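Here's the structure we're looking at; comments come further down.
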Amino acid sequence: MKKTALLNIALSRTIAGLGHGDILVIGDAGLPVPPGVELIDLALTPGIPDFASVLRVVLSEMQVERHVLAEEMQKVVPPGLVEIERLRGKLGKREWMSHEEFKVLSRSARAVVRTGECQPYSNIALISGVTF
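For the sequence shown, the residue numbers in numbering that gives the first Met the number 0 are 0 to 131.
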């Protein structure tokens, strides 16, 4: 059995397979998943698991070069944004784009991780970096 925090097989496999520049999206329960993009559905019930918990566990295993957020997040300020700010040192450079542009970007993702988060715009695109 794994000794690290991430126990979900599909998510662990996906992170292990990421190459430099690959995109992994962590989304709220309402983020649409584009056709052809793998969905890793962790949602159990509204709020479980929450966005921040999933982000923390993913960052324990994934090297991130940069991240992308929807501009609308700045107006709504969901609780996940507070956690993103706290973890900023692990997230690399930040980019902002509209929510519509974010949904277009998610078409290029290796996978979308659906959480149980029900706060609007609680989504982040993580662009994989390298450890060397």
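Note that the Cβ used here is the ideal one computed from N, Cα and C, for glycine as well.
As the structure is a computational prediction, the values presented were derived from the model and not from experiment.
- Nearest C-alpha to Pro-78 among Leu-43, Thr-130 and Phe-50: Phe-50.
- Each residue's CA atom was taken as its position, placing Met-61 and Ile-14 some 6 angstroms apart.
- Judged by DSSP in its simplified three-state form, Glu-100 adopts helix.
- Residue pairing by DSSP places Glu-82 opposite no residue, since no beta bridge is assigned to it.
- By the Cβ neighbour-count rule, Leu-6 is exposed, with fewer than 16 other Cβ atoms within 10 Å of its own.
- For Leu-125, no alpha helix (DSSP H) run applies; the uninterrupted beta strand (DSSP E) run containing it begins and ends at 123-127, by DSSP.
- Under the three-state reduction of DSSP output, Thr-13 falls in the helix class.
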